[in-house]
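Trainee: Under my numbering, the residues of the sequence shown are numbered 70 to 314, in order.
Heads up, the beta-carbon is just placed ideally off N, CA and C, and yes, glycines get one too.
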Amino acid sequence: MTVAASLAALLAIWAIASTIWPSRALPSPAAVLDVLIRDAASGELFYHLGMTLMRVVAAFILAMIVGSVIGVTLGMRQRADNFFSPWVVLFLNLPALVIIVLAYIWFGLNEFAAIGAVAVNKIPNVIVTMREGARALDPRYGELATVYRFSAWERLRHILLPQLQPYIAAASRSGIALIWKIVLVVELLGRSNGVGFQIYLYFQTFDVAAILAYTLAFVAIMLLIELMLVQPFERHATRWRRRPA
Numbered sequence: 070m071t072v073a074a075s076l077a078a079l080l081a082i083w084a085i086a087s088t089i090w091p092s093r094a095l096p097s098p099a100a101v102l103d104v105l106i107r108d109a110a111s112g113e114l115f116y117h118l119g120m121t122l123m124r125v126v127a128a129f130i131l132a133m134i135v136g137s138v139i140g141v142t143l144g145m146r147q148r149a150d151n152f153f154s155p156w157v158v159l160f161l162n163l164p165a166l167v168i169i170v171l172a173y174i175w176f177g178l179n180e181f182a183a184i185g186a187v188a189v190n191k192i193p194n195v196i197v198t199m200r201e202g203a204r205a206l207d208p209r210y211g212e213l214a215t216v217y218r219f220s221a222w223e224r225l226r227h228i229l230l231p232q233l234q235p236y237i238a239a240a241s242r243s244g245i246a247l248i249w250k251i252v253l254v255v256e257l258l259g260r261s262n263g264v265g266f267q268i269y270l271y272f273q274t275f276d277v278a279a280i281l282a283y284t285l286a287f288v289a290i291m292l293l294i295e296l297m298l299v300q301p302f303e304r305h306a307t308r309w310r311r312r313p314a
């Protein structure tokens, strides 16, 4: 109820501001809604939203898998961590724009370069989070697995993943928020579809209503993912921290 009231207040402020200062640069909520309805009816809105969402999901999965494997490995092997730590710091501080531009130059304007560039931007963050998780592993559980002769799969399922769940949840939460923003830049620079491309296209014609329509539509999708997938997973992963009242 509070969330609905907060969003309604924001919408009211927007409507009042667009009335007091009528300008093409600040369209009314009704004008933005008209664009949403028009492009939804033509199917164009859903097509571009789908393309952006596909890139977000692909880059997210790739970054989580690669980053988790590398992060856990570095967390469990001190020598490897000492050697590769400068690499991680370097990629953490490398601007996303540089990685995107280099990916397009080296691999061409294609989906491989686009998704790969987004994933590379996120992988260092996953590595750092998962490395801390691996460092926090309780060695007693490893000894227990050795005594009971757990297979590699049993060690992963019953020993490693349960302890890493909170860190996976943290990496996922920050990852999904970062990735979709970078995807828009990737689409703006080198794709012919997606929300980022549409924003760039409407920027050329100074169509702020359309820019806001596509932005808000995709933000709504990401909020749904946050509320329906990310937050439930995070609550499940950290359920052991809750204490009865």
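State buried or exposed for Phe181, treating a residue as buried only when at least 16 other CB atoms are found within 10 Å of its CB.
Mentor: In the sequence shown, counting from the first residue as 1, residue 181 sits at position 112. When all chains shown are included, Phe181 counts as exposed.
Trainee: Can you tell me which of the three DSSP states Leu206 falls into?
Mentor: Position 137 of the sequence shown holds residue 206. Reduced to three states, the DSSP call for Leu206 is coil.
Trainee: I'd like to check one pair, Leu257 with Gly244: are the Cβ atoms closer than 8 Å?
Mentor: Translated into the one-based positions of the sequence shown, residue 244 becomes position 175. Translated into the one-based positions of the sequence shown, residue 257 becomes position 188. It is not a contact, given that the beta carbons lie outside the stated cut-off.
Trainee: Pair every Cβ in the segment 157-177 with every Cβ in the segment 91-107, then say whether three or more of these pairs are closer than 8 Å.
Mentor: No, they do not touch.
Trainee: For Met120, which residues of its own chain have a beta-carbon under 7 Å away from its beta-carbon, when the five flanking residues on both sides are left out?
Mentor: The residue you call residue 120 lines up with position 51 of the sequence shown. Here the set comprises Asn262, Gly263.
Trainee: Is it buried or exposed, Asp108, if we count other Cβ atoms within 10 angstroms and call 16 or more buried?
Mentor: Walking along the sequence shown from the start, residue 108 turns up at place 39. Buried, since its Cβ has 16 or more Cβ neighbours within 10 Å.
Trainee: What does DSSP give as the partner residue(s) for Ser92 in the beta ladder?
Mentor: Reading the sequence shown from its first residue, position 23 is the one you call residue 92. BP columns for Ser92 point to Leu95.
Trainee: Nearest by alpha-carbon distance to Tyr116: which of Glu295, Arg200, Tyr283 is it?
Mentor: One-based indexing of the sequence shown puts residue 116 at position 47. That would be Tyr283, whose Cα lies nearest to the Cα of Tyr116.
Trainee: Between the segment 224-243 and the segment 167-180, can you find at least three pairs of beta-carbon atoms closer than 8 Å?
Mentor: Touching, no, given that fewer than three Cβ pairs across the two stretches are closer than 8 Å.
Trainee: If I follow the unbroken alpha helix (DSSP H) through Phe219, where does it start and stop?
Mentor: Along the sequence shown, read from residue 1 onward, the residue named residue 219 stands at position 150. Note, Phe219: premise wrong, no alpha helix (DSSP H); not H, not E.
Trainee: Taking just the CA atoms, how far does Phe219 sit from Ile196?
Mentor: Locating residue 196 in the sequence shown gives position 127, where the first residue counts as 1. Locating residue 219 in the sequence shown gives position 150, where the first residue counts as 1. Cα-Cα distance, rounded: 26 Å.
Trainee: Could you say if the segment 264-280 and the segment 188-195 meet the contact criterion of at least three C-beta pairs nearer than 8 Å?
Mentor: No, the segment 264-280 is not in contact with the segment 188-195.
Trainee: Out of Val252, Leu206, Ile139, Leu233, which has the shortest C-alpha to C-alpha gap to Ala183?
Mentor: Locating residue 183 in the sequence shown gives position 114, where the first residue counts as 1. The shortest C-alpha separation from Ala183 is found at Val252.
Trainee: Alpha carbon to alpha carbon, what distance is there between Leu233 and Asn138?
Mentor: Looking up residue 138 in the sequence shown gives position 69. Looking up residue 233 in the sequence shown gives position 164. The residue you asked about is not Asn; residue 138 is Val in the sequence shown. Roughly 12 Å between the two C-alpha positions.
Trainee: If you run the structure through DSSP and keep just helix, strand and coil, what is Gly185?
Mentor: Position 116 of the sequence shown, counted from the start, is the residue given in the question as residue 185. Here Gly185 sits in helix by DSSP.
Trainee: State the DSSP-derived secondary structure class of Gly144, mapped to helix, strand or coil.
Mentor: Position 75 of the sequence shown, counted from the start, is the residue given in the question as residue 144. Looking at Gly144 - three-state DSSP - the assignment turns out to be helix.
Trainee: Measure the Cβ-Cβ separation of Thr198 and Gly140 and say whether it is below 8 Å.
Mentor: As a first step, residue 198 is located in the sequence shown; it is residue number 129 there, counting from the start. As a first step, residue 140 is located in the sequence shown; it is residue number 71 there, counting from the start. Taking 8 Å as the Cβ cut-off, Thr198 and Gly140 qualify as a contacting pair.
Trainee: Please check the pair Val299 and Arg242, which I expect to be a contact at CB under 8 Å, by giving their CB distance rounded to whole angstroms.
Mentor: Here residue 299 is taken as the residue at index 230 of the sequence shown, counted from 1. Here residue 242 is taken as the residue at index 173 of the sequence shown, counted from 1. Going by Cβ atoms, the distance from Val299 to Arg242 rounds to 5 Å, so yes, they are a contact pair.
Trainee: Rounded to whole angstroms, what is the Cα-Cα separation between Arg146 and Leu122?
Mentor: Residue numbering aside, residue 146 sits at position 77 when the sequence shown is read from its first letter. Residue numbering aside, residue 122 sits at position 53 when the sequence shown is read from its first letter. Arg146 and Leu122: Cα-Cα distance of roughly 36 Å.
Trainee: Using the Cα positions of Ile85 and Val170, report the straight-line distance between them to the nearest angstrom.
Mentor: Looking up residue 85 in the sequence shown gives position 16. Looking up residue 170 in the sequence shown gives position 101. If you take the alpha carbons of Ile85 and Val170, they lie about 41 Å apart.
Trainee: Under 8 Å by Cβ, that's how I've got Ala246 and Ala188 pegged, so tell me the actual separation to the nearest angstrom.
Mentor: Position 177 of the sequence shown holds residue 246. Position 119 of the sequence shown holds residue 188. Their Cβ separation, rounded to whole angstroms, is 15 Å, which puts Ala246 and Ala188 out of contact at 8 Å.
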